[in-house]
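Engineer: Top to bottom, those sequences are chains A and B. Mapping to the working numbering: the first sequence position 97 is 97, numbers consecutive. To get the working numbering, take the position in the second sequence, counting from 1, and add 1000.
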Amino acid sequence: MTVETITSKSYITHHLQNLVYGKLPAGFERDGQILEEAVWTLAHSHEEVVEMGFWSLNVDSLGWSFFLGAIFSFFFYRVAKTVSIEAPSGFSNLVEMIVEFVDNSVKDIFHSENKLIAPMALTVFVWVFLMNTMDLVPVDWLPVLAQKLAGDPHFYFKVVPTTDPNITFGLSLTVFAMILFYSIKMKGAGGFLSELTLHPFSSKNMIVQILFIPANFLLEFVGLIAKPVSLALRLFGNLYAGEMIFILIALLPFWVQWTLHLPWAIFHILIVLLQAFIFMILVIVYMDMAHQKDH
Amino acid sequence: MNINATLIGQSIAFIMFIWFTMKFVWPLLLTAMEERQARIADGLAAGEQGQKDFAEAQEKSNIEINKGKEKAATIISQAQKRGDEIVEEARDLAKKESERIKESAISEIEQEKETARQDLRNQVAVLAITGAEQILMREVDQKAHNEVLTKISREL
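#1: Which value, in whole angstroms, describes the spacing of the CA atoms of Ile-1018 of chain B and Phe-279 of chain A?
#2: Quick check on the DSSP output: what are the complete alpha helix (DSSP H) runs of length 4 or more inside the region 155-200 of chain A, in order along the chain?
#3: In this structure, does DSSP put Val-83 of chain A in helix, strand or coil?
#4: Under 8 angstroms Cβ-Cβ, which residues of chain A neighbour Leu-1028 of chain B?
#5: Leaving out five residues before and five after Ile-34 of chain A in sequence, what residues of the same chain have Cβ atoms less than 7 angstroms from its Cβ?
#6: How would you list, in chain order, the residues of chain A whose beta-carbon sits under 7 angstroms from the beta-carbon of Leu-1044 of chain B?
#7: For Thr-41 of chain A, which beta-bridge partners are listed by DSSP?
#8: Can you tell me whether DSSP reads Gln-323 of chain A as helix, strand or coil?
#9: For the region 228-244 of chain A and the region 90-104 of chain A, state whether three or more C-beta atom pairs, one from each stretch, are separated by less than 8 angstroms.
#10: Measuring only the C-alpha atoms, how far is Leu-196 of chain A from Ala-1032 of chain B?
#11: Please tell me whether Leu-180 of chain A has its Cβ less than 7 angstroms away from any Cβ of chain B.
#12: Of the choices A:Leu-136, A:Ala-150, A:Lys-204 and A:Ile-225, whose alpha-carbon is the least far from that of Leu-273 of chain A?
#13: Return helix, strand or coil for Asn-1002 of chain B, following the three-state DSSP convention.
#14: Using a Cβ-Cβ distance under 7 angstroms, would Ala-1032 of chain B count as near chain A?
#15: Which of the three DSSP states, helix, strand or coil, is assigned to Val-3 of chain A?
#16: For the alpha helix (DSSP H) containing Met-244 of chain A, name the first residue and the last one.
#17: Can you give the Cα-Cα distance for Ile-167 of chain A and Ser-61 of chain A, rounded to whole angstroms?
#18: According to a CB-to-CB cut-off of less than 8 angstroms, which residues of the region 36-65 of chain A neighbour chain D?
#19: Examine chain B for any beta-carbon lying closer than 7 angstroms to the beta-carbon of Ser-92 of chain A, and answer yes or no.
#20: I want to see whether chain B comes within less than 7 angstroms of Ser-89 of chain A, judged by CB atoms only; does it?
#21: Is Asn-114 of chain A helix, strand or coil when you go by DSSP?
#22: Name the DSSP bridge partner or partners of Asn-58 of chain A?
#23: At the level of alpha carbons, what is the spacing between Pro-161 of chain A and Leu-171 of chain A?
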């Protein structure tokens, strides 16, 4: 970034590229040289990322996501260990407030018995919130710091994990797997299948019912698939758009940036919290639907 | 912005953090919070009970005070009555005593009067005899006329 002139386009595309670790095949032309054998390395360009294919990792999103999850676990565990019944104070109050809020949400929405749901909702809420909050860190701070530390002006570094669809789909597909697991566990495979095929159109007449099955299945299946997709894309879309606007604002001359940056950041606090909340609520709702025996 | 194995990594991390929260965070926090809730509820109930007890005790003490006051009033009125009675009795006694003294005085006076009369009578008899002696100018034989003299003195 210091050597070459930075155009708006290169600035934006650089900010939207993850730091990818993967395998480059032999014969790939890299920085003017042809690789003699396959190497595991960090990608230097978008072409290299494409070449690496599926079996590569976004080191930055995964690292930040894991780091924030660890922060959540560490602080909540510390509070859980030292919580005082007589005189809760400071950070402990905040943690208890969040726990109580999540607990109430679960009690309101989730009507079956499952000890997994509330901890899961708490994890989702706090973790997604922390990942979203990374959006409020000015867009150049951490990437430039990473470039300086790595000594590489091309070093890619995205700091908001939830602007990476891999992260949001990773969450939502796990939730989807749980939906399938608990649907089959609670209703049995037959019950789950009948839920997919015997609604919304049903008839007493056997033949008519059989005719309805494909239509029902099509509708219900789309509805089922829509759950993880919408869950992931909603979070990703909101945060990606927010990040994008921060990047665009960062293109302005530095002395006017604050006039747009400040209101957008303040507004973004709301989005950060709201998206975490929506994600949690939908997870609880989906899990409740998976547990309900009668449709 | 392509889909890659990050997806799987994130899923594994997600499951790990859920497991951690479920095992080490949620139960501890919730038990502590529930215990505190129970304690607060107990405290509030105890406070309410205390207030109720206090009100009851106050009512009881009021009743006792009123009883005491009533008792004191009856005692006072009884004492007054008794005092009146004592005064009355004393007055009666004094009256009786004074009457007794008066009567005895009267009887004493009566007795004195009788004695004085007796004396007087005797003296009159002597005087009468002396007078008669003088009048007769001779000595009367006392022994001879003793019978007459006794008769006169008796008539006096």
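All C-beta atoms, glycine included, are put in the ideal place defined by N, C-alpha and C.
Structural biologist: So, to answer that:
#1: 15 angstroms
#2: 165-197
#3: coil
#4: Ala-80, Lys-81 and Val-83
#5: Gly-27
#6: Chain-ordered listing is empty here: chain A has no CB closer than 7 angstroms to the CB of Leu-1044 of chain B, the nearest sitting near 16 angstroms.
#7: DSSP lists A:Gly-22 as partners of Thr-41 of chain A.
#8: Since the first and last residues shown for chain A are 1 and 295, residue 323 of chain A lies out of range.
#9: no
#10: 42 angstroms
#11: no
#12: A:Leu-136
#13: coil
#14: yes
#15: Note that Val-3 of chain A has pLDDT 48, beneath the 50 cutoff, so the model's placement of it is unreliable and the number below is only indicative. Coil, per DSSP.
#16: Counting along the chain, the unbroken alpha helix (DSSP H) around Met-244 of chain A starts and ends at 206-250.
#17: 7 angstroms
#18: Included in the structure are the protein chains A and B, with no chain D among them.
#19: no
#20: Contacts with chain B at 7 angstroms (Cβ-Cβ) do not include Ser-89 of chain A.
#21: coil
#22: A:Val-20
#23: 11 angstroms
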